[in-house]
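Novice: Supplied in structure tokens, the structure appears directly below.
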Amino acid sequence: MTNRRVSTVKDERGFAIVIAIFVLAMLISVTAAALRMGQADIFASRNYRSGSQALYAAQAGVVHAMMIVNAGGTGGVTNLQNDAINGWSGIWGSAKTMPTVTSYSYNVTLVQDAAMYPGDFDRGVLTSTATGSDNSTRTIVAHVRRSSIPAAPAGALYLATDNNTNSTFNGNAFSIDGNDWNMNNTAGTAAAIPGITTRNDTNSTETRTSLTDPQKNNVTGLGFVPGNPATPSVATAQGMSTAQIDQMVSDLLQMPYVPHDSDVHGGEKLGDCSAGGAGPQITYLGPGNGSAYKENGNASGCGVMIIESGVTINGTFDFDGLVIVRGTTKITDVTGNMTLHGSLWTTDVNFRDGGSSDIRFSSQALALANQAGGVPGTLPAPIVVTAWRDVF
Numbered sequence: 272m273t274n275r276r277v278s279t280v281k282d283e284r285g286f287a288i289v290i291a292i293f294v295l296a297m298l299i300s301v302t303a304a305a306l307r308m309g310q311a312d313i314f315a316s317r318n319y320r321s322g323s324q325a326l327y328a329a330q331a332g333v334v335h336a337m338m339i340v341n342a343g344g345t346g347g348v349t350n351l352q353n354d355a356i357n358g359w360s361g362i363w364g365s366a367k368t369m370p371t372v373t374s375y376s377y378n379v380t381l382v383q384d385a386a387m388y389p390g391d392f393d394r395g396v397l398t399s400t401a402t403g404s405d406n407s408t409r410t411i412v413a414h415v416r417r418s419s420i421p422a423a424p425a426g427a428l429y430l431a432t433d434n435n436t437n438s439t440f441n442g443n444a445f446s447i448d449g450n451d452w453n454m455n456n457t458a459g460t461a462a463a464i465p466g467i468t469t470r471n472d473t474n475s476t477e478t479r480t481s482l483t484d485p486q487k488n489n490v491t492g493l494g495f496v497p498g499n500p501a502t503p504s505v506a507t508a509q510g511m512s513t514a515q516i517d518q519m520v521s522d523l524l525q526m527p528y529v530p531h532d533s534d535v536h537g538g539e540k541l542g543d544c545s546a547g548g549a550g551p552q553i554t555y556l557g558p559g560n561g562s563a564y565k566e567n568g569n570a571s572g573c574g575v576m577i578i579e580s581g582v583t584i585n586g587t588f589d590f591d592g593l594v595i596v597r598g599t600t601k602i603t604d605v606t607g608n609m610t611l612h613g614s615l616w617t618t619d620v621n622f623r624d625g626g627s628s629d630i631r632f633s634s635q636a637l638a639l640a641n642q643a644g645g646v647p648g649t650l651p652a653p654i655v656v657t658a659w660r661d662v663f
């Protein structure tokens, strides 16, 4: 009897060990599964976060590319193919790093939208691909087109050079106004822009210090503050660069234009926007002999005027639209009487203004200039997104 009881207890002890091992194994398995599930959740959350961040980086790439093409909102393109697509690799450069999340970078390509709009050189496709340090990647494809609404100019007077300027303002019988004016000298409805805009703070400071205290009252527009002395309307903006303006001029000269390789004399009309007139035109005062052109007598014009070698206004000249003066060493002199409604862009390092002259921003005049090429769309216009999709 005693031996049988001892044997039964031993058998039960062995069974209890087996049960304990089984329960322990189950607990280990459940714990491992829970840890695995928790790790999977962590990975899923991390992947979602990194994917979302990559998507935001790709979106930033599209916005960045559009800002470059649109010159920070103060320019755009006259022909998307010529102005941006053909030279995109040089315009864009290499991949960009996100400034706030440096573990992410994006790269953007721009091609003509051949699949949807073959032959339409004002439509393109931006493809932005963003990559994170954990190899997360997202791609956005954005279809863009050139807007039909031209961009507002950077300023009533835009000094479009990165070189140091040497602005000189003579006398006190001039005004440069960034407030919107109609061509009949009534107030326009567009938002004010700066009276004078340069491309860097150094040149903006140089322009301000070139103005005497009385002259500061003559440069009005966005940012002007009356006082003694007044704060002139002089601003810095990354408007169109010299290279972009050169390309713009090349595009304009592909449109119908009127060459004018001599001085402007009294009675001449470089475009006529009066009732019954011939309308705006593109007038090209080419390189000539390299000397500055002169305007003598009473002359007028309307549309776009491109001047290669500088200009001296000696007589009375009224122009409605956009005037572009190119060259890096020539001087734009105004010693006669000039009234310009629209905007003046000069790539000269010097702008000397004396005599009597009024330069007034006019959205009305620029709207006419936008038709100078024969059809609406003469002036630079920003690109806009028409559709976009996230590519997985």
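Numbering (my numbering), first residue to last: 272 to 663. Heads up, the beta-carbon is just placed ideally off N, CA and C, and yes, glycines get one too.
1. In chain order, what residues of the same chain have a beta carbon less than 8 Å from the beta carbon of Y377, not counting five sequence neighbours either side?
2. Kindly identify the DSSP beta-bridge partner or partners of K540.
3. May I ask you to report which of helix, strand or coil DSSP gives K601?
4. Quick check: the stretch 627-636 against the stretch 604-613, are at least 3 beta-carbon pairs closer than 8 Å?
5. L593 and A549 - do their beta-carbons sit closer together than 8 Å?
6. Looking only at its chain, what residues have a beta carbon closer than 6 Å to the beta carbon of L637, apart from the 5 residues adjacent to it on each side?
7. Looking at the secondary structure, which residues open and close the alpha helix (DSSP H) in which I516 lies?
8. Helix, strand or coil for D433 per DSSP?
9. Just curious, the beta strand (DSSP E) that E566 is in, first and last residue?
10. Flag this pair as yes or no: are the beta carbons of G426 and A506 separated by less than 8 Å?
11. Which residues bound the alpha helix (DSSP H) around I362?
12. From A658 to I411, what does the alpha carbon distance come to, in whole angstroms?
13. Measuring CA to CA, which of T513, G537, T478, N489 is closest to D448?
14. Expressed to the nearest angstrom, what Euclidean distance is found between the alpha-carbon atoms of P651 and A501?
15. Taking all protein chains shown into account, decide if N474 is buried (16 or more other Cβ within 10 angstroms of its Cβ) or exposed.
16. Leaving out five residues before and five after F392 in sequence, what residues of the same chain have Cβ atoms less than 7 Å from its Cβ?
17. Just to confirm before moving on: does the CB-CB distance between M519 and M511 stay below 8 Å?
18. Identify every residue that forms a DSSP beta bridge with D384.
19. Among the candidates F663, V662, V655, R660, whose CA atom is the shortest distance from the CA of P421?
20. Nearest by alpha-carbon distance to C573: which of T583, P551, V582 is it?
21. Taking the CB atoms as reference points, tell me whether F445 and S481 lie closer together than 8 Å.
22. Which stretch, first to last residue, makes up the beta strand (DSSP E) that contains R631?
23. Compute the Euclidean distance between the alpha carbons of F424 and G346, then round it to the nearest angstrom.
24. Could you name the residues of the same chain whose beta carbon sits closer than 6 Å to that of S404, not counting the 5 residues immediately before and after it, in chain order?
25. Does F663 pass the burial test, meaning 16 or more other C-beta atoms within 10 Å, or should it be called exposed?
26. Do the CB positions of V535 and Y564 come within less than 8 Å of each other?
27. Where W616 and L428 are concerned, what is the direct C-alpha to C-alpha distance, given to the nearest angstrom?
28. Under DSSP, the beta strand (DSSP E) around D484 begins and ends at which residues?
29. Which term fits R409, buried or exposed, when burial requires 16 or more other beta carbons within 10 angstroms of its beta carbon?
30. Distance check for T649 and Q486, CA to CA, integer angstroms please.
Specialist: In short, the structure shows the following:
1. By the criterion of a C-beta distance shorter than 8 Å, Y377 is surrounded in its chain by A328, A329, A331, G332, H335, A366, K367, M369, S399, T400, A401, T402, once the five residues flanking it on both sides are discounted.
2. According to DSSP, which records beta bridges pairwise, K540 is partnered with S571.
3. For K601, the pLDDT reaches just 49, beneath the cut-off of 50, and the residue's location in the model is therefore unreliable, although a value from the coordinates is still provided. In this structure, DSSP gives K601 a state outside helix and strand, which the three-state scheme calls coil.
4. Short answer: they touch.
5. Going by C-beta atoms, A549 is not nearer than 8 Å to L593.
6. Within the same chain, L637 has close Cβ partners G613.
7. Counting along the chain, the alpha helix (DSSP H) containing I516 begins and ends at 513-523.
8. In the displayed model, D433 falls within coil according to three-state DSSP, outside both helix and strand.
9. Note, E566: beta strand (DSSP E), 564-566.
10. Yes, they are a contact pair.
11. Unbroken alpha helix (DSSP H) run through I362: 359-363.
12. Distance between the alpha carbons of A658 and I411: 11 Å.
13. Nearest option by C-alpha distance: N489.
14. Distance between the alpha carbons of P651 and A501 is about 33 Å.
15. Buried: at least 16 other Cβ atoms inside 10 Å.
16. Residues of the same chain with a CB within less than 7 Å of the CB of F392, apart from the 5 flanking positions on each side, are N350, L351, Q352, Q383 in chain order.
17. M519 places its beta carbon less than 8 Å from that of M511.
18. Answer is none; D384 lacks a bridge partner.
19. P421 has its Cα closest to that of V655, out of F663, V662, V655, R660.
20. Comparing alpha-carbon positions, the option among T583, P551, V582 lying closest to C573 turns out to be P551.
21. It is not a contact, given that the beta carbons lie outside the stated cut-off.
22. Where R631 is concerned, the enclosing beta strand (DSSP E) stretches over 627-632.
23. Just to set this straight, residue 424 is Pro in the shown sequence, not Phe. Here the C-alpha atom of P424 lies approximately 7 Å from the C-alpha atom of G346.
24. S374, listed in sequence order.
25. With fewer than 16 other Cβ atoms within 10 Å, it is exposed.
26. Going by C-beta atoms, V535 is nearer than 8 Å to Y564.
27. If you draw a straight line from the Cα of W616 to the Cα of L428, it is about 6 Å long.
28. No beta strand (DSSP E) holds D484; the alpha helix (DSSP H) holding it covers 484-487.
29. Buried.
30. Their backbone Cα atoms lie some 34 Å apart in a straight line.
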